Amino acid sequence: MSPPESPLSETVGAPAVPLTPALPLPAAHTSVRSRRRVGVHGLILAALLMLVPLLAYQSTTFHEFGLRDDYSNLRESHEELGKVVTFCASHARPIYGWLLQASYGATSSVRGLEWMRLGAVLLLGALAYLMCRGLVALGWSFAESVCIALLLTLVPSAQVMAAWAVGWPYVFTAVLAAGAFFVAEGAFQTLRRGETSRIALPAALLALLLMGVSALTYQSSALFYLVPLAGGLIAQRSRSARATLRWGAMHLMLVAVALALAYAVMMSLYDHGVFVKSARVAFEHDWGAKLAWFVSEPLPNALSMFVLNDDHQRGRAPFLLAVTLAGLVLIAGIVLEWRRHGRERALIWLAGLVTLPLLAFAISLVASERYATYRTIFAMTGVLLCFLVASVTSLTARWSAGARGLLAASALAAAFLTAQHHAFALIAVPQGHEWQLILDGAKQVRLKPTKRPSIFAIASSPADVSTASIYHDEFGSLSSNSEWVPKEMFKRAMHDLHPDIADVEARYQFATGTKLPSNRHFDVVIDLHRLRRFYLDY
Amino acid sequence: MRYSLWGILVLIADVWAIVNILQSSAQTGNKVLWTVLVIVLPVFGFILWFFLGPRTGRA
């Protein structure tokens, strides 16, 4: 047996071989035979790219757990139809609400959440495939495109999206946004060639529609449009500065129009009383403080790539080292671009490197809230990843193809193992422990027709976290350290244990608090402080 | 049975990858590292080799 001699077998450093120019526009002269060949290779590529996130998150996907909002979403999607949609729409995300309602509505137990997480993982695979094909079409080498595509599925933002059942619409939004870019790029290319606008106009409108839908789903991920834009900016060196400016402006205008349309739609819905606007939907006023916050929190989180920020500041040194290293590599990339391709290209890189990460985080910058979670920085991480991969390619230009292949493989292997560890050990396992404690308590409840058993849950506190690393409400965090989550978790446990009893909630009394009341007797006591015994030093 | 079949497929793929690595014209150090990668990460290592690794007659 010998490996296929195709674009799939191209090694790092070899000249870029276009792997079907299907994106942005297919070449009209492609023969039927070559299409067939490309089709098989395209399938192999798709299968392998899909397999990577599946492998990385397999243990997380199929672990039995929920995470915070999962419990209330699951109940409300069955018992209070429309509540999830109304809540999400009040935060200007009506399509997100509808997707959550539909998916939680089709899920009947905590065990069933694995299908939603599997959906996120499959969508990550689809995103990787789309990005790989798209970057090759934009002029990146096949090896670079594979690296970026795979790393995108393994960054901390992707880890959160894969591990949290609410996360699949975030990836769906990113797929729509990336798709919108490639459709728009096809339309703009057609116009640039001076061809008939019969295809260009519908394509541009389709791109606008895709962006509009993604902006009404999850705005932060909608800006994933800028990731392939960064890819195009880096790869298309033959374009003049003026042409690059025009090209970038056209794309940014499309994004701006789509966001403005989505905003107008939401304001109209609020004005007509269809939904009620949340007080959290407000614009930032203190721009100086917001920019300082951006530089001190979201930007380092995105630059550090696979090294997690830690609220306990335990891993501060490796985190800062990763940020510094990424910064130095990016600076080296600009210097090498200047030396090899001239001042104009270096200035284009610098302009892209300064503006695109800011724009990719624009929604969170414009909004008054300051929430530096990983799920909001997916687009910014993607933009920086494109510049980092391009910079590393420049830095290693004189290395042998074998050495570059090994470097890429080492980086990908490290990213793969890190993603697997973070998602499983910092999300699935601690959240699974919380769920198991509640479930064990629910199993002790004896439902009787005459008497309602009483249950008390002693809520956990931040001191009970079972991981050494914790970041905001994502990695290593607790679900049960609030008033409402233990109650929702217990309701869910009783529902899962007694699916045949219609109104199981009426058959027991549940209370929760930080301390067990000394003057009352409870039939079952669930002590969530016991989470401490699961503590592991990572 | 399902897992056995998957295991056999992975084994065949890894053997194919390792034979290709050893027959390639890559440096000995690179060959060793690629082989270790495929053995330590049987599926992901194979995928990495398929996209980025040395092949028969090539570095």
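Heads up: the protein sequence lines correspond to chains A and B, in order. First residue of the first sequence? That's 3 in our numbering, and the numbers climb one at a time after it. First residue of the second sequence? That's 812 in our numbering, and the numbers climb one at a time after it. Just so it is clear, CB atoms sit at the ideal spot from N, CA and C, and this is done for glycine as well. Treat the numbers as computed from the prediction; the structure is a model and nothing was measured.
Cβ-Cβ distance between residue i and residue j below 8 Å
i: residue 223 of chain A; j: residue 216 of chain A; result: yes
i: residue 141 of chain A; j: residue 237 of chain A; result: yes
i: residue 165 of chain A; j: residue 189 of chain A; result: no
i: residue 381 of chain A; j: residue 225 of chain A; result: yes
i: residue 129 of chain A; j: residue 167 of chain A; result: no
i: residue 498 of chain A; j: residue 480 of chain A; result: no
i: residue 457 of chain A; j: residue 528 of chain A; result: yes
i: residue 147 of chain A; j: residue 138 of chain A; result: yes
i: residue 86 of chain A; j: residue 96 of chain A; result: no
i: residue 470 of chain A; j: residue 370 of chain A; result: no
i: residue 123 of chain A; j: residue 56 of chain A; result: yes
i: residue 209 of chain A; j: residue 182 of chain A; result: yes
i: residue 250 of chain A; j: residue 235 of chain A; result: yes
i: residue 492 of chain A; j: residue 440 of chain A; result: yes
i: residue 149 of chain A; j: residue 410 of chain A; result: yes
i: residue 305 of chain A; j: residue 335 of chain A; result: no
i: residue 106 of chain A; j: residue 75 of chain A; result: yes
i: residue 127 of chain A; j: residue 193 of chain A; result: no
i: residue 858 of chain B; j: residue 276 of chain A; result: no
i: residue 376 of chain A; j: residue 468 of chain A; result: no
i: residue 2 of chain A; j: residue 514 of chain A; result: This structure leaves residue 2 of chain A out entirely; chain A is present only between 3 and 540.
i: residue 228 of chain A; j: residue 362 of chain A; result: yes
i: residue 184 of chain A; j: residue 219 of chain A; result: no
i: residue 300 of chain A; j: residue 374 of chain A; result: yes
i: residue 853 of chain B; j: residue 821 of chain B; result: yes
i: residue 133 of chain A; j: residue 202 of chain A; result: no
i: residue 245 of chain A; j: residue 350 of chain A; result: no
Limits of the beta strand (DSSP E) - the one that residue i falls within
i: residue 511 of chain A; result: 511-515
i: residue 527 of chain A; result: 526-529
Reference residue i, options the options, closest by Cα
i: residue 432 of chain A; options: A:517, A:530, A:133; result: A:530
i: residue 171 of chain A; options: A:182, A:155, A:125; result: A:125
i: residue 71 of chain A; options: A:408, A:265, A:539, A:485; result: A:485
i: residue 507 of chain A; options: A:275, A:496, A:536; result: A:496
i: residue 428 of chain A; options: A:83, A:110, A:474; result: A:474
i: residue 478 of chain A; options: A:364, A:321, A:314, A:399; result: A:314
i: residue 348 of chain A; options: A:356, A:339, A:354, A:276; result: A:339
i: residue 435 of chain A; options: A:66, A:60, A:52, A:53; result: A:66
i: residue 111 of chain A; options: A:91, A:524, A:501; result: A:501
i: residue 309 of chain A; options: A:419, A:331, A:265; result: A:419
i: residue 385 of chain A; options: A:240, A:355, A:539; result: A:355
i: residue 566 of chain A; options: A:231, A:374, A:256, A:463; result: Given that chain A is displayed from residue 3 to residue 540, the structure contains no residue 566 of chain A and the question cannot be resolved.
i: residue 525 of chain A; options: A:503, A:505, A:534, A:444; result: A:444
i: residue 454 of chain A; options: A:510, A:287, A:332; result: A:510
i: residue 533 of chain A; options: A:464, A:522, A:503; result: A:464
i: residue 391 of chain A; options: A:462, A:333, A:77; result: A:333
i: residue 58 of chain A; options: A:505, A:359, A:423, A:114; result: A:423
i: residue 863 of chain B; options: A:252, A:482, A:407; result: A:407
i: residue 178 of chain A; options: A:274, A:257, A:488; result: A:257
i: residue 279 of chain A; options: A:49, A:535, A:487, A:93; result: A:93
i: residue 114 of chain A; options: A:503, A:214, A:293, A:494; result: A:494
i: residue 214 of chain A; options: A:253, A:263, A:186; result: A:263
Residue range of the alpha helix (DSSP H) that includes residue i
i: residue 171 of chain A; result: 170-194
i: residue 403 of chain A; result: 403-425
i: residue 841 of chain B; result: 839-851
i: residue 104 of chain A; result: 96-107
i: residue 73 of chain A; result: 71-81
i: residue 437 of chain A; result: 431-446
i: residue 345 of chain A; result: 345-362
i: residue 112 of chain A; result: Run containing residue 112 of chain A: none; DSSP gives neither H nor E here.
i: residue 396 of chain A; result: 380-397
i: residue 89 of chain A; result: 85-92
In DSSP terms, what residue i is bridged to
i: residue 369 of chain A; result: A:285
i: residue 228 of chain A; result: None; residue 228 of chain A has no bridge partner.
i: residue 835 of chain B; result: B:867
i: residue 1 of chain A; result: With chain A represented from 3 up to 540, any question about residue 1 of chain A goes unanswered, as that position is not in the structure.
Minimum length 3: unbroken beta strand (DSSP E) runs contained in the stretch 450-506 of chain A: 456-460
Every unbroken alpha helix (DSSP H) within the stretch 264-337 of chain A, with a cutoff of 4 residues, ordered by chain: 289-298, 300-305
Every unbroken alpha helix (DSSP H) inside the stretch 125-162 of chain A [4 residues or more]: 144-154
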